Amino acid sequence: MLVDTDGENVLASRGALPTRHPNSLQSVVQDQVHSPTRVRYPMVRKGFLASPSRPQGVRGQDEFVRVSWDQALMLIHEQHKRIRDSFGPASIFAGSYGWRSNGVLHKAATLLQRYMSLAGGYTGHLGDYSTGAAQAIMPHVVGGSEVYQQQTSWPLILEHSDVVVLWSANPLNTLKIAWNASDEQGISYFDALRKSGKRVICIDPMRSETVEFFGDSMEWLAPHMGTDVALMLGIAHTLVENGWQNEDFLARCTVGYEIFAAYLTGESDGVAKTAEWAAAICGIDAAKIRELATLFHQNTTMLMAGWGMQRQQFGEQKHWMLVTLAAMLGQIGTPGGGFGLSYHFANGGNPTRRAAVLTSMQGSVKEGIDAVDKIPVARIVEALENPGAPYQHNGMDRHFPDIRFVWWAGGANFTHHQDTNRLIRAWQKPELVVISECFWTAAAKHADIVLPATTSFERNDLTMTGDYSNQHLVPMKRVVAPQYEARDDWEVFAELSERWEAGGRERFTEGKSDLQWLETFYAIAGERGASQQVTLPPFDEFWQANQLIEMPESEQNARFVRFADFRRDPQSNPLKTPSGKIEIFSERINSFGYADCPPHPKWLEPDEWHGNAEPQQLQVLSAHPAHRLHSQLNFTRLREEYAVAGREPITLHPEDAKARGITAGDVVRVWNKRGQVLAGAVVTDGIKPGVICIHEGAWPDLEPAADGICKNGAVNVLTKDLPSSRLGNGCAGNTALAWVEKYTGPSLTLTAFDPPASS
Ligand SMILES: Nc1nc2c(c(=O)[nH]1)N[C@H]1C(S)=C(S)[C@@H](COP(=O)(O)OP(=O)(O)OC[C@H]3O[C@@H](n4cnc5c(=O)[nH]c(N)nc54)[C@H](O)[C@@H]3O)O[C@H]1N2
Ligand SMILES: Nc1nc2c(c(=O)[nH]1)N[C@H]1C(S)=C(S)[C@@H](COP(=O)(O)OP(=O)(O)OC[C@H]3O[C@@H](n4cnc5c(=O)[nH]c(N)nc54)[C@H](O)[C@@H]3O)O[C@H]1N2
Ligand SMILES: [Mo]
Numbered sequence: 137m138l139v140d141t142d143g144e145n146v147l148a149s150r151g152a153l154p155t156r157h158p159n160s161l162q163s164v165v166q167d168q169v170h171s172p173t174r175v176r177y178p179m180v181r182k183g184f185l186a187s188p189s190r191p192q193g194v195r196g197q198d199e200f201v202r203v204s205w206d207q208a209l210m211l212i213h214e215q216h217k218r219i220r221d222s223f224g225p226a227s228i229f230a231g232s233y234g235w236r237s238n239g240v241l242h243k244a245a246t247l248l249q250r251y252m253s254l255a256g257g258y259t260g261h262l263g264d265y266s267t268g269a270a271q272a273i274m275p276h277v278v279g280g281s282e283v284y285q286q287q288t289s290w291p292l293i294l295e296h297s298d299v300v301v302l303w304s305a306n307p308l309n310t311l312k313i314a315w316n317a318s319d320e321q322g323i324s325y326f327d328a329l330r331k332s333g334k335r336v337i338c339i340d341p342m343r344s345e346t347v348e349f350f351g352d353s354m355e356w357l358a359p360h361m362g363t364d365v366a367l368m369l370g371i372a373h374t375l376v377e378n379g380w381q382n383e384d385f386l387a388r389c390t391v392g393y394e395i396f397a398a399y400l401t402g403e404s405d406g407v408a409k410t411a412e413w414a415a416a417i418c419g420i421d422a423a424k425i426r427e428l429a430t431l432f433h434q435n436t437t438m439l440m441a442g443w444g445m446q447r448q449q450f451g452e453q454k455h456w457m458l459v460t461l462a463a464m465l466g467q468i469g470t471p472g473g474g475f476g477l478s479y480h481f482a483n484g485g486n487p488t489r490r491a492a493v494l495t496s497m498q499g500s501v502k503e504g505i506d507a508v509d510k511i512p513v514a515r516i517v518e519a520l521e522n523p524g525a526p527y528q529h530n531g532m533d534r535h536f537p538d539i540r541f542v543w544w545a546g547g548a549n550f551t552h553h554q555d556t557n558r559l560i561r562a563w564q565k566p567e568l569v570v571i572s573e574c575f576w577t578a579a580a581k582h583a584d585i586v587l588p589a590t591t592s593f594e595r596n597d598l599t600m601t602g603d604y605s606n607q608h609l610v611p612m613k614r615v616v617a618p619q620y621e622a623r624d625d626w627e628v629f630a631e632l633s634e635r636w637e638a639g640g641r642e643r644f645t646e647g648k649s650d651l652q653w654l655e656t657f658y659a660i661a662g663e664r665g666a667s668q669q670v671t672l673p674p675f676d677e678f679w680q681a682n683q684l685i686e687m688p689e690s691e692q693n694a695r696f697v698r699f700a701d702f703r704r705d706p707q708s709n710p711l712k713t714p715s716g717k718i719e720i721f722s723e724r725i726n727s728f729g730y731a732d733c734p735p736h737p738k739w740l741e742p743d744e745w746h747g748n749a750e751p752q753q754l755q756v757l758s759a760h761p762a763h764r765l766h767s768q769l770n771f772t773r774l775r776e777e778y779a780v781a782g783r784e785p786i787t788l789h790p791e792d793a794k795a796r797g798i799t800a801g802d803v804v805r806v807w808n809k810r811g812q813v814l815a816g817a818v819v820t821d822g823i824k825p826g827v828i829c830i831h832e833g834a835w836p837d838l839e840p841a842a843d844g845i846c847k848n849g850a851v852n853v854l855t856k857d858l859p860s861s862r863l864g865n866g867c868a869g870n871t872a873l874a875w876v877e878k879y880t881g882p883s884l885t886l887t888a889f890d891p892p893a894s895s
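Numbers in the working numbering are just positions in the sequence shown, counted from 1, shifted up by 136.
Shown next as structure tokens:
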């Protein structure tokens, strides 16, 4: 990203890499740095300040009081010490999850953990909200996560694939970001695919930005939400009907197919999973299902899956069934065939460069104590509600810790967690909640102590582009001075470390300044680069020049085919599964005995879906937003481009709108037993009837004077907080039903982006 400044103010910003597809997320740095929503000073909740060991008042309903940094850090230090001495390290939750800001040094949650490791340990987290289900099931099936691994390279896809299926993937949106910086190459590859004349199909309940982008060169198929396993089973059954399953591949490279086949044909449960059976569940014609089977069988087919469909109850089944279907087609490990679970994320498939790759700050000091316990990240509310209670996770018997102190740094858990009202109730239980934030998010407004953090434009850092490609090494030089009293998280935790023990700052920083750390990371990158014949200029020269360094291409990596070695010789190149092969039936999962995660892929009816909706209920889709990274940037001018009637948009089908007397631009009320939100109607046939979409990430803005209705349209007020299954314990943000009606209540003023009342 390039930022223009007059030295004090940010004037403008744009992407640093040449692209024909400008990235909106890079255009609003000015709004970020100078936002009226910034947290300006350390702030403490009034009822907490009055008696910190026995706080009064209600989180989220209290005023805040401005205090000095010294006072805020003293309060935190004293209460941290009291709680740790009384309840031990597991009572302190520092598993703070979130996308923070990019950079290898200023990693908010990592720095929090570094401090907590110095102080004697903490409760951390397992997994993530992104792929909680897929990343848990895939190691059982293919021996690795797949979701965060390099994909068969794009040049080979463009050369060899005949059919490409985007299954629950919207790369045009999701490639705008990467965990590192985006290398901005992904959309160019999809553009090349669009122009290639290949058959491209998108399976998604919504006509996404990607479908619009492909236009006539793509076929859009809209199943009912959450029914993809049935659809895949229908395709698989058609393969078997025709004797098209690849017996050779199944015998050489998989185990357990016969048990699955008995389920598929109905031999084991009396129900044949025919195309007709599938059609009745997923809402796609049986003829189309048979056509897909024929198409996939006759052509080199790449199934590119996104992750929206696994962020659901029984999410584990989705990618397991997808791999099973790909195994039956027998093309896994060929250039251009098989499946890929990260083409839509961080530009998987953009070939890995020969590169000097940066290291980054570690979440632990020397001789520190790391996490003493970890909870599956999306089970945080369940943990707060049930201290000490037993639960299952991926075959393990575990117990929830008794959490007394929560510190969130670099995440927006009030937007990212499901069932906001249940979260708010559980959030009253801890004795201390600290939030480090740049902005007055809903989480900050529900904290006891809020510490103002710098944005990445107010500090020095480094990053790579492309999580897989390592395409560039990028300097992130400070653009403007820290705003108001904001401090780097780095500085805050260094200071608290010194309060914790004499010499703590030295232990935390290892005696290095921020720039010295960057020089260290750069030096290690240089060593790594040397082994690949990549030479970096001296650090001072690089930093002075303030230019990114592009890494050289690797011809060998451009020919990378995922699973090629395994396919060629499975005996010599076994997968890291118990059998060394692709597991279509898993003995290990069988041994867990989970009803919600059976030992082979299976269609299971979710608690809330089209098939059990009450009259007038619609299924809620909460896809990722085009002009935000989750909740980040909701307050910027980009909002003007998408907000409808001043609210987060809700997309609904003309039939559903008409049945409710709703027209485009209306404010609507969306509700279920968990809560209610206001949203602005977008009426379009670009969504499956019976499905509504409110993108995730609008900031909760609950109005106590109007039965807690969310005035901004935060979708997680409506979603269900239940685990994908006890295998992955992933979030199920895409499992919910709700009612919609035209809103006729009093007009309510948006307050989501206003700082709270303070004195
Ligand atoms: N219903 C539903 N819910 C979902 C999803 C869904 O699809 N549907 N998706 C889920 C997924 S995949 C994810 S990854 C999560 C995302 O959830 P999060 O990653 O928590 O969301 P962000 O909005 O990126 O939150 C990052 C926060 O960090 C703050 N921040 C940025 N830089 C810094 C810094 O340097 N220091 C500090 N202290 N703070 C900083 C930002 O201001 C912001 O509030 O949401 C999940 N929730
Ligand atoms: N611009 C932008 N880019 C992002 C993010 C962001 O917030 N904004 N978030 C980043 C993060 S942290 C992550 S994890 C990834 C998320 O990447 P994904 O999880 O792949 O993104 P989603 O938008 O949740 O889902 C992708 C598509 O799946 C569809 N879908 C949902 N449910 C179903 C279903 O039951 N069946 C089928 N067939 N399709 C379904 C949705 O309509 C959507 O178009 O994106 C990353 N990229
Ligand atoms: Mo994510």
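Just so it is clear, CB atoms sit at the ideal spot from N, CA and C, and this is done for glycine as well.
These numbers were taken from a predicted model, which means no experiment stands behind them.
Near ligand 3, residues with a Cβ at less than 7 Å from any of the ligand's heavy atoms are Asp264, Tyr265, Ser266; the list follows chain order. For the segment 634 to 679, the continuous alpha helix (DSSP H) assignments of 4+ residues that do not extend past its boundaries occur at 640 to 645, 650 to 666, in sequence order. In this structure, the C-beta of Asp625 approaches ligand 1 to less than 7 Å from one of its heavy atoms. Nearest C-alpha to Ser894 among Leu138, Leu863, Pro737, Tyr177: Tyr177. Residues of the same chain with a CB within less than 7 Å of the CB of His766, apart from the 5 flanking positions on each side, are Trp235, Ala548, Thr551, His552, Glu832, Gly833 in chain order. Under DSSP, Gly816 shares a beta bridge with Pro785, Val803. Using a C-beta cut-off of 8 Å, the segment 628 to 635 makes no contact with the segment 166 to 185, since fewer than three inter-stretch Cβ pairs fall below that distance.
Excluding the 5 residues flanking it on each side, Ala583 has same chain C-beta neighbours closer than 6 Å at Val569, Ile571, in chain order.
Excluding sequence positions up to five before and after Gln619, its CB lies within less than 7 Å of the CB of Val169, Arg174, Glu594, all in the same chain and listed in chain order. For Thr155, the CB contacts under 7 Å within the same chain, skipping 5 residues up- and downstream, are Glu320 in chain order. Boundaries for Ala491: no alpha helix (DSSP H) harbours it, and the DSSP string shows neither H nor E there. Asp533 carries a strand assignment under DSSP once its states are collapsed to helix, strand and coil. Here the alpha carbons of Gln166 and Phe771 stand approximately 12 Å from one another. Boundaries of the alpha helix (DSSP H) around Lys424: 422 to 434.
DSSP places His296 in the helix class (H, G or I) of the three-state scheme.
A distance criterion of 7 Å places the beta-carbon of Ile313 in contact range of ligand 2, judged by its closest non-hydrogen atom. The Cβ neighbour count for Leu357, taken over all protein chains shown within 10 Å, is at least 16; the residue is labelled buried. Cβ neighbours of Ala579 within its own chain (closer than 7 Å, five residues either side excluded): Trp544, Ala548, Asn549, Phe550, Ile571. Using a cutoff of 7 Å, the CB of Arg447 counts as near ligand 2, since one of the ligand's heavy atoms is closer than that. Annotated as distal: Gly370 and Ala408, with beta-carbon spacing of 8 Å or more. Taking a cut-off of 8 Å on C-beta distances, the segment 737 to 747 touches the segment 360 to 369, as three or more cross pairs fall below it.
Thr885 counts as exposed, since fewer than 16 other C-beta atoms from the protein chains shown sit within 10 angstroms of its C-beta. When the five nearest sequence neighbours on each side are left out, the beta carbons in the same chain lying within less than 8 Å of the beta carbon of Lys648 are those of Thr656, in order along the chain.
DSSP places His216 inside the alpha helix (DSSP H), whose first and last residues are 205 to 223. For Trp807, the distance from the CB to the nearest heavy atom of ligand 1 is not below 7 Å. Burial is judged here by how many other beta carbons sit within 10 angstroms of a residue's own beta carbon; Lys717 has at least 16 and is buried. Distances from the CB of Asn709 to the heavy atoms of ligand 2 are all 7 Å or more. In the structure shown, Ala507 falls within a strand segment according to DSSP collapsed to helix, strand and coil. Judged by DSSP in its simplified three-state form, Lys581 adopts helix. For the segment 602 to 637, the full-length beta strand (DSSP E) segments reaching 3 residues or more read 608 to 612 along the chain. Bridge partners of Gly881 according to DSSP: none are assigned.
Pairing Pro882 with Asp843, the inter-Cα distance amounts to about 12 Å. Comparing C-alpha distances from Tyr399 to each of Met457, Thr437, His433 shows the shortest one belongs to Met457. The nearest non-hydrogen atom of ligand 2 is 7 Å or more from the C-beta of Trp205.
In terms of side-chain proximity, the C-beta atom of Leu477 is found no nearer than 7 Å to any non-hydrogen atom of ligand 1.
From the listed residues Ala589, Asp298, Thr495, Pro785, the smallest Cα separation to Lys331 is found for Asp298.
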